[in-house]
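Working notes, structure below.
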Amino acid sequence: MAIVEIYKCMDCGIELKDDGSVFIWDSDLNQTKDFLILMMTHDWLHGAEISGDVSETCCRICGKFLKIYSIREVQDDVKNPCEVVMEGIKNYIANYGRELEKLKCIKKRAKYIVTKEEGYYVVEFPELEHCKYSYYFFPEMTKEEVIDDALNEFNEEIDEMVEGRDETYQKYLNSNYLIIDNSDRSQDDYDPLEKVNCPECGNEVYKYINHDVPCPRCGKELLCINHICYD
Ligand SMILES: [Zn+2]
Ligand SMILES: [Zn+2]
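So the sequence shown is residues 775 to 1005, counted in this note's numbering.
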């Protein structure tokens, strides 16, 4: 189970989350993968050559988000795990950007296929998974009307996806990444008030966001505005 807590500073407006995310390095793709520990993802940690936990904060001096990857386990044959993870993060972000561009191209092309079933039309956008509109409730609609309607729906759907991913991508690009090798430390030495140094400017910041730390950007109070549990 994962507990996600979203904190917001009512003074400067920054939002940060504390969700107990973990990561693995996928050696086949040479990419890192961040995820919450849930029933369906629990097994992903087993057998990974590098794994650890991820936290996020912000550095008030450089004004950037800071993502901290603490390596907890490394297989013996992996050399320079911090460099490996850093490269994995870069590859992940580059790939994310490519997928986003692909999505924008799919929107531009808006390729569709119209088929007629018993008295109604079905419009399918084969380039976007699961994007299929069936008009069996409206057999009176003409083919042109159906296409028009389906195109509107398609645009709305894809715009929403692009907007969400654009925001995530911008955040990735506007973040610094700190990789720490903690593989020699025991799993249960978690200190909620641990501090680390920003890799860009050296400023000391709290590694985790929680009730006991002030806003990393302005020093005022952080408020937990949402608390969600996932299985
Ligand atoms: Zn603040
Ligand atoms: Zn900094």
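Glycine included, each C-beta is placed from N, C-alpha and C at the ideal position.
Of the residues the options, which one's Cα is nearest the Cα of residue i?
i: P973; options: P966, G862, N950; result: N950
i: G993; options: M784, A822, V778; result: M784
i: H985; options: V979, C998, N977; result: C998
i: F912; options: E898, E892, E901; result: E892
i: G871; options: E937, N956, I777, D793; result: E937
i: L803; options: Y781, C786, G787, N865; result: N865
i: I798; options: Y781, G821, N929; result: G821
i: I811; options: D793, S801, D800; result: D793
i: Y909; options: Y895, K890, L874, Q849; result: Y895
i: P855; options: F809, K782, S801, R991; result: S801
i: K885; options: C786, N929, C975; result: N929
i: V796; options: V852, V778, I880, G787; result: V778
i: E918; options: K890, C905, C975, N956; result: K890
Would residue i be called buried (16 or more neighbouring beta carbons within 10 Å of its own) or exposed?
i: P988; result: exposed
i: V888; result: exposed
i: K841; result: buried
i: T806; result: buried
i: D827; result: buried
i: G837; result: exposed
May I ask whether a heavy atom of ligand 1 can be found less than 8 Å away from the beta carbon of residue i?
i: G993; result: yes
i: W940; result: This sequence places Asp at residue 940; Trp is not what is there. Result no, Cβ not under 8 Å from ligand 1.
i: I780; result: no
i: C998; result: no
i: I788; result: yes
i: D986; result: no
i: C989; result: yes
i: I817; result: Going by the sequence as given, residue 817 is Asp instead of Ile. No, ligand 1 has no heavy atom inside 8 Å of this Cβ.
i: D785; result: yes
Can you tell me whether residue i sits near ligand 2, meaning its C-beta is under 8 Å from at least one heavy atom of the ligand?
i: I867; result: no
Measure the beta-carbon distance from residue i to residue j and round it to whole angstroms, keeping in mind my assumption that it falls under 8 Å.
i: I983; j: I845; result: Not really, about 20 Å apart at Cβ, beyond 8 Å.
i: L952; j: V970; result: 6 Å
i: Y1004; j: M775; result: 7 Å
i: E830; j: L790; result: 6 Å
i: I835; j: N977; result: 4 Å
i: A868; j: V897; result: About 34 Å separates the two Cβ atoms, so there is no contact after all.
i: L877; j: I921; result: Going by Cβ atoms, the distance from L877 to I921 rounds to 21 Å, so no, they are not a contact pair.
i: E875; j: Y907; result: That belief does not hold up - the Cβ atoms of E875 and Y907 are roughly 25 Å apart, past 8 Å.
Is residue i helix, strand or coil when you go by DSSP?
i: F809; result: strand
i: Y886; result: coil
i: T815; result: coil
i: T942; result: helix
i: I867; result: helix
i: R872; result: helix
i: F911; result: coil
i: G787; result: coil
i: N956; result: coil
i: N929; result: helix
i: K994; result: coil
i: I845; result: strand
Does residue i have its Cβ less than 9 Å from a Cβ in chain C?
i: E898; result: Included in the structure is just one protein chain, with no chain C present.
query = Any residues whose CB sits closer than 5 Å to a heavy atom of ligand 4? List them in chain order?
reply = Ligand 4 is not part of the structure shown, which contains ligand 1 and ligand 2 as its ligands.
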